[in-house]
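Residue numbers (our numbering): 1 to 142.
Working notes, structure below.
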């Protein structure tokens, strides 16, 4: 069963890659279509001024994928390293990845804040559950 935890772990990395590709496709496409020289957007502030929010949404989402998901990676790698991963851990990991994928899809497209926040909140609760489960196991070691 521990090896199954690799699947959602890798899926989270793939999600990050997909958002990264989407970000550059949106940015570069917009810049080419509107004749924006890359030097004009050489800081995040200049980028925010010259590119519309809809074009920058994937960039903002990519930043989100390096916040709480970092804990997800550490939890999964710890469970794998210690051989503690079980069916519940794998289920929670897939739930986290699915909710984060939904969050990314909303953030990178329609960006409905209430919907996006619901996915963020639910994924965060799953993550805190995963952390609490890991903590309980660590504390049980004495």
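No residue lacks a Cβ here, since even glycine has one placed at the ideal position from N, Cα and C.
What alpha helix (DSSP H) runs, 4 residues minimum, are completely inside the region 20-65?
With a minimum length of 4 residues, the continuous alpha helix (DSSP H) runs that stay inside the region 20-65 are 44-50, 53-64.
Could you compute how far the alpha carbon of residue 92 sits from the alpha carbon of residue 140?
Rounded to whole angstroms, residue 92 to residue 140 spans 21 angstroms at the Cα level.
Cα-Cα separation between residue 79 and residue 38, rounded to whole angstroms
Computed Cα separation, rounded: 43 angstroms.
Tell me where the alpha helix (DSSP H) around residue 78 begins and ends.
Unbroken alpha helix (DSSP H) run through residue 78: 69-82.
Answer with buried or exposed for residue 27, where buried requires no fewer than 16 other C-beta atoms within 10 angstroms of its C-beta.
It is buried - the Cβ of residue 27 has at least 16 other Cβ atoms within 10 Å.
On the criterion of 16 or more Cβ atoms from any shown chain inside 10 Å, does residue 44 qualify as buried, or is it exposed?
It counts as exposed.
Where does residue 91 fall in DSSP's three states?
Correct three-state label for residue 91: helix.
Contact between the region 54-66 and the region 104-123 is defined here as three or more beta-carbon pairs at a separation below 8 angstroms; is this criterion met?
Taking a cut-off of 8 angstroms on C-beta distances, the region 54-66 touches the region 104-123, as three or more cross pairs fall below it.
Which residue's Cα is closest to the Cα of residue 132: 103, 71, 30, 46?
Residue 71 holds the alpha-carbon nearest to the alpha-carbon of residue 132 among 103, 71, 30, 46.
If we call anything under 8 angstroms between Cβ atoms a contact, is residue 58 one with residue 23?
Yes, the Cβ-Cβ distance between residue 58 and residue 23 is below 8 angstroms.
Rounded Cβ spacing between residue 19 and residue 62 (contact assumed at less than 8 angstroms)
Here residue 19 really is in contact with residue 62; their C-beta atoms are around 5 angstroms apart, less than 8 angstroms.
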